[in-house]
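Heads up: the sequence shown begins at 881 in the numbering used here, then just goes up one per residue.
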Amino acid sequence: MMANAPKDLSTQDYRKMDQAHAWHPLFQHQLLDQSDLLVFEKANGTTIIDADGNEYLDAYSALWNVNVGYGRQEIADAVYEQIQKLPYYPHAQINIPATLLAEKLTGLLPGDLNHVYFCNSGSEANETAIKMARQYGRQKYPGENRYKIISRYRGYHGFTYGAMSATGQTRRRKAFEPLVPGFHHVHPPYTYRYAHGRSESDFGIACANEIEKVVQWEGVETVIAVIAEPIIGGGGVLVPPDTYLPRVREICDKYGLLLILDEVITGFGRTGKMFGCEHWDVEPDIITLAKGLTSGYIPLGAAVASDAVFEEFLGEPGESREFAQVCTYGGHPVACAAGLANLEILTEERLSENSERVGAYLLKNLKTLESLPIVGDVRGKGLMIGVELVKDSDRTQLDTATTKAICGEILKRGIIVGRIGQTVDEPENIIFLAPPLILTIAEADRIFETLHDVLTNF
Ligand SMILES: Cc1ncc(COP(=O)(O)O)c(C=O)c1O
């Protein structure tokens, strides 16, 4: 039952009310077609239903995050029970769901990522990791001033000031400059556009070596960390060459830098493994998580540190080595109860494996679309796929308006896809597919056939 929902309001009434009072993200409210925003009311499995009863296959999992699909009674029950038992207490003390979730999570994570700091979102998780890295730098290297952080253009790490400063999507930063000092950006490992005839393997090494060059130029005594998504998500689904992440890890080790992997999208089965870094056997010093941690049912984020990082924060009372950050809703018992129920579903139903199997099948089919003149590159891992559209064989990017119209046509046929938006000053020509990890082969066929049909006829 929807609490206090006004009765007998039409979709149009909701739109009018919304238009008057709600401010949507990345949205130009002056546009006449703003009333076309969909009014979503309910959802189940991979299907989302609008207030007029139209059904859509959500091939974007809302915002890359409803990994277990909609309508999971187990999560609803866990939340309901926890609200009745203990709705909230700050994480200055222990609450049982947060303890159980930290234990469960560290059991799933690779290596010795054993120390979970809870917060509420992906931005906060990265904000936390950045601050952890800077405080770690001061305590690990006393007398030096290591605070600089290297990240990549096109990478996205969040909307708060630190995370936004690490973000390499300049269109999302410009209006808010000046940003936090001490962030430096390098090329993303975007093979399709920047390899320029080099082998994938050489290109991967060259991109990683650019990080080393920046460390040397800036002075190693000033740099503390590299932050990266294992696969850049919103910046274009950029799957790096296999040589890239292992080389980044080597560089971090050589110069004593922390490697922060932002797995806000790639975590929890999205790429066909529980965590994206497992594709390359690379273990970060800090991993950041959100989205799939609760599959979006309730906001929750986390930054998880290795033993070595955590130990730098140990000290006698009065030494002030403890991590200097508090977050009112960090470790929220209700959110953690949702996270626990969500992780149980993910592991019991082996959804990473389904993501790998159905994702590989869908990617193989979608790859055949590269024979169409409008499709330049199809890439991805698991159920995280990007379809890059072009104008011609010299890879000129398709314009934003046409890409938008293509997504609109796909929507008319009952499938929601994502689209790159407001990243760098280039055409927005990449379609995103990131369906719930419960996707079936039949649903994958439907997505493929719809894209095939729309892209063939555009
Ligand atoms: C890789 C990555 N990191 C961080 C974030 C920020 O997460 P949030 O929007 O939950 O703050 C996002 C959001 O899409 C993301 O894709």
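For glycine and all other residues, C-beta sits at the position ideal for the given N, C-alpha and C. None of the values given here were measured: they were computed from a predicted structure.
A contact between stretches requires three or more CB pairs, one per stretch, nearer than 8 Å, and the stretch 1065-1075 meets this requirement with the stretch 1031-1040. The straight-line gap separating the alpha-carbon atoms of Arg1127 and Ala1043 is approximately 24 Å. Remark: the C-beta of Val1297 is outside contact range of ligand 1, defined as less than 7 Å to any heavy atom. Cβ atoms of Thr926 and Leu937 come within 8 Å of each other, at about 6 Å.
In terms of CA proximity to Asn1234, Glu1323 leads the group Glu1323, Pro1307, Tyr969. Listed in chain order, the non-local C-beta contacts of Asn947 below 7 Å within the same chain comprise Ser941, Phe1148, Gly1149, Arg1150, Gly1172, Ser1175, Leu1226, Leu1231, Pro1316, Leu1317, local neighbours out to five positions each way being set aside. Spanning the alpha carbons of Ala1240 and Leu1319 requires a straight line of approximately 12 Å. Between the stretch 1190-1198 and the stretch 948-966 there are fewer than three C-beta pairs closer than 8 Å, too few to call the two in contact. Around Pro977, the same chain offers Gln962, Pro1213, Cys1216, Ala1217, Leu1220 as residues with beta carbons nearer than 7 Å, after the five sequence neighbours per side are excluded.
The closest heavy atom of ligand 1 lies 7 Å or more from the beta carbon of His1212. Closest by C-alpha distance to Phe1312, out of Ile1321, Leu1269, Glu1007, is Leu1269. Within 7 Å of the C-beta of His1065 there is not a single heavy atom belonging to ligand 1. In this structure, the CA atom of Lys984 is about 44 Å from the CA atom of Leu1278.
Using a Cβ distance threshold of 8 Å, Thr1050 and Ser1003 do not count as a contacting pair.
DSSP, read as helix, strand or coil, puts Leu1226 in helix. Around the Cβ of His1037, a 10 Å sphere holds 16 or more other Cβ atoms; the residue is buried. If one requires a minimum length of 3 residues, the beta strand (DSSP E) runs lying completely within the stretch 923-996 are 927-930, 935-938, in chain order. Under the three-pair Cβ rule at 8 Å, the stretch 1110-1118 counts as touching the stretch 1250-1268.
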